[in-house]
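S.K.: One structure, as structure tokens, below. Some questions next.
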Amino acid sequence: MKNHFLENRQYDVIIVGTGIAGLFCSLNFPDDIRILILTKEAADRGNSFLAQGGISVLKNPEDYHSFFNDTMKAGHYKNCPQAVHTMIRSSTEIISDLVRFNVQFEKENDQWHYTREGGHSSARTLHHEDLTGKEISGKLLQAARMRKNIEILEFTPVVDLVCPDQSCKGVIITGPSGEKYSCRAEHVVLATGGIGGLYTHSTNYPHLTGDGMKLAEKNGAALENLHLVQIHPTSFYSPTSGRRFLISESVRGEGGILLNKQKERFVDELLPRDLLTEAIRKQMIKDDLPYVSLSLETMDAKTIPKRFPAIYRHCLENGYDLMQEPIPVTPAQHYLMGGIQVDLEGQASLKGLYAIGETSSNRVHGLNRLAGNSLLESLVFSKRAAINISNKIRRKDEEDDFCHYDAIKY
Ligand SMILES: Cc1cc2nc3c(=O)[nH]c(=O)nc-3n(C[C@H](O)[C@H](O)[C@H](O)COP(=O)(O)OP(=O)(O)OC[C@H]3O[C@@H](n4cnc5c(N)ncnc54)[C@H](O)[C@@H]3O)c2cc1C
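Each residue of the sequence shown is one higher than the one before, counting from 22 in the working numbering.
Written as structure tokens, this is what we have:
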């Protein structure tokens, strides 16, 4: 039987996805704009909640050129320079926003503690232990749940868009017994994350299967660069199937070394991800093993459980004590650089449709994403999308008032 609660609901904005992009977008609307957020699973099941290493930020004005160059170099200089500039220039404002949402970043002597990740020429990554994504996304989810103008529907997959007259006016959702409903809004924002669920070996949640891209393409929006898939060089090796546990870049940034079968170092551990992945694959072939080893012997062993509690715990549960011995690591699918083609305000080529976060492609990452830039990019451009949509709603309200005034006058 149809649920009338769900049938033909009308909102100002519908956001699909409760990751960092969808949540932060919703929180950047004024509170008189009615927002519905839909998610396929529980609200805290998105890659955003898994992010470990941290978020890159412009440490000080002098760091600009170095941050810009690191991002361009990792992307093989195929990034959109305007997008990179916008991301870096907005980064400090975004961190201040997060602090207002009570996000706690690690400090040392009352100063931010910056960690260093692969591809960065200096330490400029803020983090919360090795649970940065959970800290940020959890606080944003808490804030969104408190807002009266935001409604969150969990376990509600979006299966199509409503697109009469070549513009997007809503979404089709599936109810608990498989029945279909339409929800309407003048603006629809897709924040459905990546494609890792399509792979056998991926660090992503399995329910992330590129749905936003499929829906956008089906309804005539342009996609681009779908071949730009990032493989993370170091996931915890396991012979069983299922999601691969990530061993963050910051483990190498803080001294972790990679060893071959002979227990010798064979590569610069801080190369950008694509180059390091290639070197590891070559070494695995030489060694005739499905993994190489990652050792933290250069770190003070006692600090390991404190600095990387989640990673330490995972390895221990799987029979390895990182304080005492190396762990087996292997590359796994991690991130998609391409996606729904958008401009710097998140607008797709289909009227009324926006895309933000990993499902979008604004070309900020070029051919290869720099560590820590995904959380930052998702936040920067989801805020811009919210501002762009809010302005459109305001302008439309003003036009409607003006027409109303004209009608009275004449
Ligand atoms: C293990 C891991 C560690 C990472 N570490 C870092 C890091 O340290 N720093 C960094 O910058 N980046 C990191 N990343 C990348 C980063 O976390 C993601 O790229 C980013 O969080 C994506 O955010 P998002 O909001 O676009 O998508 P997600 O957080 O993945 O959210 C997608 C949402 O869409 C919903 N959804 C999907 N399809 C549908 C549908 N059909 N209907 C309804 N809802 C749907 C999902 O349920 C989910 O709520 C990491 C990624 C992984 C997997």
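The beta-carbon is built from N, C-alpha and C at its ideal position, and this holds for glycine as well.
It should be emphasised that the depicted structure is a prediction, and the values quoted were computed from it without experimental measurement.
#1: Let me check one thing: in DSSP terms, what residues is His-208 bridge-paired to?
#2: Report the residue ranges of all alpha helix (DSSP H) runs contained in full by the region 305-345; include only those spanning at least 4 residues, in chain order.
#3: Check each candidate in Ala-322, His-134 and Leu-315 and name the one with the smallest Cα separation from Leu-280.
#4: Here's the rule: buried if 16 or more other CB atoms are within 10 angstroms of the residue's CB, otherwise exposed. What is Ile-116?
#5: Using the Cα positions of Thr-380 and Gly-274, report the straight-line distance between them to the nearest angstrom.
#6: How about the region 281-294 and the region 245-257: do they share at least three Cβ pairs that are nearer than 8 angstroms?
#7: Taking the alpha-carbon positions, what's the Ser-143 to Asn-90 distance?
#8: Which two residues bound the contiguous alpha helix (DSSP H) that contains Ala-237?
#9: Counting C-beta neighbours from all protein chains within 10 Å, is the total for Gln-362 16 or more, i.e. buried, or is it exposed?
#10: Could you name each continuous alpha helix (DSSP H) segment of 4 residues or more that falls completely within the region 101-173, going from the start of the chain to the end?
#11: Quick one: does the C-beta of Gln-73 sit closer than 7 angstroms to a heavy atom of ligand 1?
#12: List in chain order: all unbroken beta strand (DSSP E) runs of 3+ residues lying wholly within the region 360-405.
#13: How is Ser-77 classed by DSSP in three states: helix, strand or coil?
#14: Measuring only from the beta carbon, is Tyr-32 closer than 7 angstroms to any heavy atom that is part of ligand 1?
#15: CA-CA distance, Arg-390 and Ser-112?
#16: Give the secondary structure of Asp-65 by DSSP, where H, G and I count as helix, E and B as strand, and everything else as coil.
#17: So is the beta-carbon of Gly-326 under 7 angstroms away from any non-hydrogen atom of ligand 1?
#18: What three-state label does DSSP hand Phe-70 in the structure shown?
#19: Alpha carbon to alpha carbon, how far is Val-180 from Ile-306? Give it in angstroms, no decimals.
#20: Ala-441 and Ser-69 look like a contact to me (Cβ under 8 angstroms); what is the Cβ gap, rounded to whole Å?
#21: Just checking Arg-166 against ligand 1 - is the residue's beta carbon closer than 7 angstroms to any of the ligand's heavy atoms?
#22: Assign Ala-322 to buried or exposed, taking buried as 16 or more other Cβ atoms, counted over all protein chains shown, within 10 Å of its Cβ.
#23: When the distance is taken between beta carbons, is Ala-212 closer than 8 angstroms to Ile-377?
#24: Does the Cβ of Asn-225 lie closer than 7 angstroms to at least one heavy atom of ligand 1?
#25: Round the Cβ separation of Ser-198 and Arg-265 to the nearest angstrom and send it over; I've been treating them as touching at under 8 angstroms.
#26: Quick check for students: name the residue ranges of the alpha helix (DSSP H) that lie wholly in the region 258-308, counting only runs of 4 or more.
#27: Rounding to the nearest angstrom, what Cα-Cα distance links Asn-170 and Leu-152 in this structure?
#28: Going by DSSP, which residues form a beta bridge with Val-350?
#29: Which residues in the same chain as Thr-319 place their Cβ atom closer than 8 angstroms to its Cβ, once the five residues preceding and following it in sequence are excluded?
#30: Return yes when the C-beta of Ile-56 is under 7 angstroms from any heavy atom of ligand 1, and no when it is not.
#31: If I measure Cβ to Cβ from His-335 and keep anything under 6 angstroms in the same chain, skipping five residues before and after, which residues do I get?
#32: Grouping DSSP H, G and I as helix and E and B as strand, with all else coil, what is Thr-92?
#33: Rounded to a whole number of angstroms, what is the C-alpha to C-alpha distance between Thr-146 and Lys-190?
#34: So the beta strand (DSSP E) Leu-57 belongs to, where does it begin and stop?
#35: Just checking, does the region 29-49 make contact with the region 201-221 on the three C-beta pairs under 8 angstroms criterion?
#36: Once you ignore the five residues that flank Phe-50 on each side, which residues in its own chain have a CB closer than 7 angstroms to its CB?
M.R.: Once the coordinates are examined:
#1: Sequence index remark: in the sequence shown, residue 208 carries index 187 (1-based). Listed as beta-bridge partners of His-208 by DSSP are Val-34.
#2: The region 305-345 contains these whole alpha helix (DSSP H) runs: 325-328 and 330-338.
#3: Numbered from 1 along the sequence shown, position 259 holds the residue referred to as residue 280. With distances taken between Cα atoms, Leu-280 lies closest to Leu-315.
#4: The sequence position of residue 116 within the sequence shown is 95, counting from 1. Buried is the call here.
#5: Against the sequence shown, residue 380 aligns to sequence position 359. Against the sequence shown, residue 274 aligns to sequence position 253. Whole-angstrom Cα-Cα distance: 28 angstroms.
#6: Touching, yes, given that three or more Cβ pairs across the two stretches are closer than 8 angstroms.
#7: Counted from its first residue, the sequence shown places residue 143 at position 122. Counted from its first residue, the sequence shown places residue 90 at position 69. Whole-angstrom Cα-Cα distance: 12 angstroms.
#8: Numbered from 1 along the sequence shown, position 216 holds the residue referred to as residue 237. 232-239 is the extent of the alpha helix (DSSP H) around Ala-237.
#9: Start at 1 with the first residue of the sequence shown, and residue 362 comes out as number 341. Residue burial is scored here from C-beta neighbours: Gln-362 has at least 16 other C-beta atoms within 10 angstroms and is therefore classed as buried.
#10: Restricted to the region 101-173, the alpha helix (DSSP H) segments that are unbroken, complete and at least 4 residues in length are 102-121 and 153-167, listed in chain order.
#11: Within the sequence shown, the letter at position 52 stands for residue 73. Relative to ligand 1, the beta carbon of Gln-73 is positioned inside 7 angstroms of a heavy atom.
#12: The DSSP assignment places 360-362 and 374-376 as complete runs of the beta strand (DSSP E) inside the region 360-405, in order along the chain (cut-off: 3 residues).
#13: Stepping through the sequence shown from its first residue, residue 77 is reached at position 56. Three-state DSSP puts Ser-77 in a strand.
#14: For the purposes of this step, residue 32 is taken as residue 11 along the sequence shown, with counting starting at 1. It does not: the Cβ of Tyr-32 is nowhere closer than 7 angstroms to a heavy atom of ligand 1.
#15: Against the sequence shown, residue 390 aligns to sequence position 369. Against the sequence shown, residue 112 aligns to sequence position 91. Take the alpha-carbon of Arg-390 and the one of Ser-112: they are about 16 angstroms apart.
#16: As a first step, residue 65 must be located in the sequence shown, where it is residue number 44. Reduced to three states, the DSSP call for Asp-65 is coil.
#17: By 1-based counting over the sequence shown, the position of residue 326 is 305. A small correction: the amino acid at residue 326 is Pro; Gly does not occupy that position in the sequence shown. False, no ligand heavy atom lies under 7 angstroms from that Cβ.
#18: Against the sequence shown, residue 70 aligns to sequence position 49. In the structure shown, Phe-70 sits in a helix (DSSP, three-state: H, G or I).
#19: Taking the first residue of the sequence shown as position 1, residue 306 is located at position 285. Taking the first residue of the sequence shown as position 1, residue 180 is located at position 159. Approximately 42 angstroms, taken between the alpha carbons.
#20: With the chain covering 22 to 431 only, the question about residue 441 has no answer from this structure.
#21: Locating residue 166 in the sequence shown gives position 145, where the first residue counts as 1. Taking 7 angstroms as the cut-off, the C-beta of Arg-166 does not count as close to any heavy atom of ligand 1.
#22: Translated into positions along the sequence shown, residue 322 becomes position 301. Looking at its Cβ environment, which holds fewer than 16 other Cβ atoms inside 10 Å, Ala-322 is exposed.
#23: Walking along the sequence shown from the start, residue 377 turns up at place 356. Walking along the sequence shown from the start, residue 212 turns up at place 191. Contact: yes.
#24: Along the sequence shown, read from residue 1 onward, the residue named residue 225 stands at position 204. Yes; taking the cut-off as 7 angstroms, the Cβ of Asn-225 has a heavy atom of ligand 1 nearer than that.
#25: Counting from one through the sequence shown, the residue named residue 198 turns up at place 177. Counting from one through the sequence shown, the residue named residue 265 turns up at place 244. Contact flag wrong, Cβ pair sits at about 34 angstroms.
#26: Within the region 258-308, the alpha helix (DSSP H) runs of at least 4 residues that lie entirely inside it are, in chain order, 270-274 and 294-308.
#27: Reading the sequence shown from its first residue, position 149 is the one you call residue 170. Reading the sequence shown from its first residue, position 131 is the one you call residue 152. When rounded, the distance between both Cα atoms is 29 angstroms.
#28: In the sequence shown, the residue the question calls residue 350 occupies position 329. BP columns for Val-350 point to Phe-257 and Val-313.
#29: To locate residue 319, count along the sequence shown from 1; it is residue 298. Excluding residues within five positions, the ones whose Cβ falls inside 8 angstroms are Gly-276, Gly-277 and Ile-278.
#30: Position 35 of the sequence shown, counting from 1, holds the residue named residue 56. Answer for Ile-56: no, Cβ out of range of ligand 1.
#31: As a working note, residue 335 is residue 314 in the sequence shown. Once the five neighbours on either side are set aside, the close Cβ partners of His-335 are Phe-266.
#32: For this step, residue 92 is matched to residue 71 along the sequence shown. Reduced to three states, the DSSP call for Thr-92 is helix.
#33: Against the sequence shown, residue 146 aligns to sequence position 125. Against the sequence shown, residue 190 aligns to sequence position 169. Going from the Cα of Thr-146 to the Cα of Lys-190 covers about 39 angstroms.
#34: As a first step, residue 57 must be located in the sequence shown, where it is residue number 36. Per DSSP, the continuous beta strand (DSSP E) segment holding Leu-57 begins and ends at 56-59.
#35: In short, these stretches touch, since the Cβ pair count reaches three.
#36: Your numbering for residue 50 matches position 29 in the sequence shown. Once the five neighbours on either side are set aside, the close Cβ partners of Phe-50 are Val-34, Ile-56, Ala-407 and Ser-411.
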